Every structure is written in C-alpha cells, then in structure tokens.
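Chemist: So the protein sequences, as listed, match chains A and B. Residue 38 in this note's numbering is what sits at position 21 of the first sequence, and the numbering runs on without skipping anything. Residue 136 in this note's numbering is what sits at position 119 of the second sequence, and the numbering runs on without skipping anything. Don't be surprised by glycine CBs; every beta carbon is placed ideally from N, CA and C. Quick caveat: nothing in here was measured; it's all calculated off a predicted structure.
2 protein chains.
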Amino acid sequence: MKTCSHQHTHKRQELPALTDRLRRHARKITGPRAAILEILRQHPHPLTTKEIFSEMPRGECDLATVYRSMHLLEKAGMVKRFHFYDGAARFELVEEGSDGHYHHLVCIRCSGVVKVEECFSAEIEKKIAAKNGFKAVTHKLEFFGVCPNCQG
Amino acid sequence: MKTCSHQHTHKRQELPALTDRLRRHARKITGPRAAILEILRQHPHPLTTKEIFSEMPRGECDLATVYRSMHLLEKAGMVKRFHFYDGAARFELVEEGSDGHYHHLVCIRCSGVVKVEECFSAEIEKKIAAKNGFKAVTHKLEFFGVCPNCQG
DNA sequence: TTTTCAATTGCAAATCATTTGCAACAAAAG
DNA sequence: CTTTTGTTGCAAATGATTTGCAATTGAAAA
Chain A
18 MKTCSHQHTH KRQELPALTD RLRRHARKIT GPRAAILEIL RQHPHPLTTK
68 EIFSEMPRGE CDLATVYRSM HLLEKAGMVK RFHFYDGAAR FELVEEGSDG
118 HYHHLVCIRC SGVVKVEECF SAEIEKKIAA KNGFKAVTHK LEFFGVCPNC
168 QG
Chain B
18 MKTCSHQHTH KRQELPALTD RLRRHARKIT GPRAAILEIL RQHPHPLTTK
68 EIFSEMPRGE CDLATVYRSM HLLEKAGMVK RFHFYDGAAR FELVEEGSDG
118 HYHHLVCIRC SGVVKVEECF SAEIEKKIAA KNGFKAVTHK LEFFGVCPNC
168 QG
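(1) For chain A, find out if any of its Cβ atoms is closer than 7 Å to the Cβ of Glu-135 (chain B); answer yes or no.
(2) Just the chain B side, please: which residues come within less than 7 Å of Pro-33 (chain A) by C-beta, in chain order?
(3) Do three or more CB pairs link the stretch 99–113 of chain B to the stretch 140–152 of chain B at distances below 8 Å?
(4) Just verifying my parser: in three-state terms, what is the DSSP assignment at Thr-36 (chain A)?
(5) Closer than 8 Å, Cβ to any Cβ of chain B: which residues of the stretch 140–165 of chain A, in chain order?
(6) Could you check how far apart the C-beta atoms of Glu-135 (chain B) and Phe-160 (chain A) are, in whole angstroms? I think they sit under 8 Å.
(7) Classify Thr-82 (chain B) as helix, strand or coil using the three-state DSSP reduction.
(8) So, His-60 (chain A) versus Ala-93 (chain A), is the Cβ gap smaller than 7 Å?
(9) Would you tell me roughly how many angstroms separate the C-alpha atoms of Arg-129 (chain A) and Pro-74 (chain B), rounded to the nearest one?
(10) Does the stretch 38–56 of chain B come close enough to the stretch 77–90 of chain B that 3 or more CB-CB pairs lie under 8 Å?
(11) Would you mind telling me which residues of chain A sit closer than 7 Å to Val-131 (chain B), beta carbon to beta carbon, in chain order?
(12) Step through the CB atoms of chain A and report whether any lies within less than 7 Å of the CB of Leu-80 (chain B).
(13) Where does Cys-124 (chain A) sit, in a helix, a strand or coil, going by DSSP?
(14) Inspect the beta-carbon positions of Lys-152 (chain A) and Val-163 (chain B) and report whether they are closer than 7 Å.
(15) Quick one: using the 10 Å Cβ neighbour count with 16 as the cut-off for buried, is Glu-109 (chain A) buried or exposed?
(16) Look at the alpha carbon of Gly-150 (chain B) and the alpha carbon of Ile-69 (chain A), and state the distance between them as a whole number of angstroms.
(17) Which of the three DSSP states is assigned to Thr-174 (chain A) in this structure?
(18) Does any residue of chain B bring its CB to less than 7 Å from the CB of His-88 (chain A)?
(19) Output yes or no for whether 7 Å exceeds the beta carbon distance between Val-123 (chain A) and Gly-117 (chain A).
(20) Where do the N-terminal and C-terminal ends of the beta strand (DSSP E) with Ala-106 (chain B) fall, by residue?
(21) In chain order, what residues of the same chain lie with their CB nearer than 7 Å to the CB of Glu-72 (chain A), ignoring the 5 residues before and after it?
(22) For Thr-47 (chain B), which of helix, strand or coil comes out of DSSP?
(23) Starting from Phe-99 (chain A) and walking both ways along the alpha helix (DSSP H), at which residues does that stretch end?
Printed below as a string of structure tokens:
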C-alpha cells in the first residue's frame, strides 16, 4: 500500500511558458490575463479573486474580468480552485504536467497556508468508487489546525 | 497502520431526544427549531438552508431564522456543515455521541450524495500536524465522481 | 501591415447566499 | 402569572460572483 504518486515538484514556470499554455487552449492573451498569470506566478499561495485584483498594477482591469479569467484558467486546467473556511474561492497555479493534486494545511486563526505533500492511499479511493459504482472519482482534502504562531 | 476509528453507526434519534440535546446547550426549544430538527431527522442527507426552509410546514418561519438556527445547531455540535460543488452550505444531523466525522461521495452530474464510511489512516494527519508544528488538526474530505445513473 | 471579426473587456445592474439591526414576541424561570 | 432574556420576523445591508451589452482589441486572414 503506497501513497498516491501525485507530483509535488514546483519549478515555477516563466510567464511566456504560461501564456503559451493558455494559447494552446485557443485563447487570446490579453493584458489582464497576462497580469493575472504573473501575479499567480509570484504568489505560490491560494489567492482570492479580490487579492489578485488588488495586486493588479494600478487597477489595470475590472473585478469582473478577474472572475471571468479565473473560470477560463480553471477550465484550461491552469489553476485550481480551493474553498477554505470563509466563502471566498482561492486560486493557485497548477504546474505544467502536474495533475494539480495536492492539499493544504490552513491555520484557523491567522489563515496561514502550508502546502501538504502527503496524501492517502489511492486504494481507498478506488475501493470507494468500486463499492458505489461511481466513475472518475476524485477528492478534495484540506487540513485545518492552529499554526505554531497562533498557539497559546 | 489502521484506518481511523470514527463512528459511523446511525440510529436515528427521535425528535424529543433531539430537543433534549439542544436544551442541554441551554437554549430554548422554539417552533422553528423543533421543525428544523424534525426535517433534518427525516432527511439523512446534507440539506441546504433553502431546502430546509422550503420543507417547513407552510413557510412557518423566516429564512433568516433558519440561518440563525443552523449556526446554533452547528455550535451545539448537532449538525455538520458541508460545502460541495456550489456555493451553498449543506447540513446534516450529527448523531448523539458521534464525532460527526464521516465523508461523502457526490455525483457531479445529478448532485446525488452517498455517505462514505472509509477514511484514511489517522497517522497521516498526526504526521502532518507534527511536521508543521500545528495543533488540533482536523480535515475536510469529500469525494466527487459520476454515479451509476449518470454514466454513459 | 492593414483589414476584419470574433473574443474580450468595462461598467453597471442583477443574483445568490448569508448576515444584521431592531422592535415585537414567546419560552423558561421564579 | 410575571418577569427576564433569548428568539423571531422583517427589511435592509453585505459579500461574492455573474451577466447584459456596447465598446474595444487580439490574432488570423488578406
């Protein structure tokens, strides 16, 4: 019983490599989109749409555009969407070739996030799928706790 | 390495037992609260606030009251909150004595939900907590896939 | 490079889920 | 039965996200 073999290597791609990836999905490379990719590139953390928006050089684009772009990037498999404690979606770049499968450990006090390499055995998922007759089963797993700084 | 020992036995409690549980948390048993508990009792599925509201006998109470009640029941440990594919929170009754720790397998097509007994080794969680210096670590885990009816 | 056209954006208004202030009300305690 | 304090209804406020539409702009074609 071995743990699942998701990739966790993170060689951060350059912006051109990212725009190429997007272009491959038959999409235009626009100012806002390049800016968003660059921001995600520089923040290896899950960011909310608002955070991405406020990182934009001088209000470069509309909030709605960020929302639209995030959907686009998500469908292109270039970002992964997360939901933690609050109602806001958070996004993180998925490295090329990675299936984007990894998890987080979130501090319930300060909201700090740590990427988690560990994952449980893929056997469990297969067993669950088989037992219930489901196909294409995936999972979402997030850990929550109190980080060292917020203890005491 | 054994799987975690969460309880999964579900002997559905009667309404009086439920109201007693709530009373123990020093809270008044009101019409809306009893109605909500009864609805949750009769639907061993995660329900959205809206669904609970529309199950109420003739609009018995305000939507805001349902929201307030769900927070109350959550703090009392009587219901568990879930977030699946969409933005709406879903609630399910937690059996007395259960730690409310179990998971779901959700169909991404029809939204059907199956309760999942399986869980991964508790060792993994301990290891993650120790490695990062976090305390009181818990996790949220949900499975997604295509159910038998929605395949093909 | 310039033309052309569909994809994309900005803006404002619309939705959706959820929360909150406040006065009227109703359980539970005495 | 009265008091006390938690609860509710209602309406308005939030916060996140979506959408219609006209104006704009990448990128393919000429």
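Modeler: Looking at the coordinates:
(1) yes
(2) Here the premise fails: no neighbours, minimum Cβ distance about 34 Å.
(3) no
(4) helix
(5) Ile-141, Glu-142, Lys-144, Ile-145, Ala-146, Asn-149, Gly-150, Phe-151, Lys-152, Ala-153, Val-154, Thr-155, His-156, Lys-157, Leu-158, Glu-159, Phe-160, Phe-161, Gly-162, Val-163, Cys-164 and Pro-165
(6) Not a contact, Cβ separation roughly 18 Å.
(7) helix
(8) no
(9) Residue identity check: residue 129 (chain A) is Gly in the sequence provided, not Arg. Cα-Cα distance, rounded: 44 Å.
(10) yes
(11) Asn-149
(12) no
(13) strand
(14) yes
(15) buried
(16) 29 Å
(17) What the structure shows of chain A is the stretch from 18 to 169, and residue 174 (chain A) is not part of that stretch, so it cannot be assessed.
(18) no
(19) no
(20) 106–110
(21) Ile-56
(22) coil
(23) Counting along the chain, Phe-99 (chain A) falls outside any alpha helix (DSSP H), though it belongs to the beta strand (DSSP E) covering 96–100.
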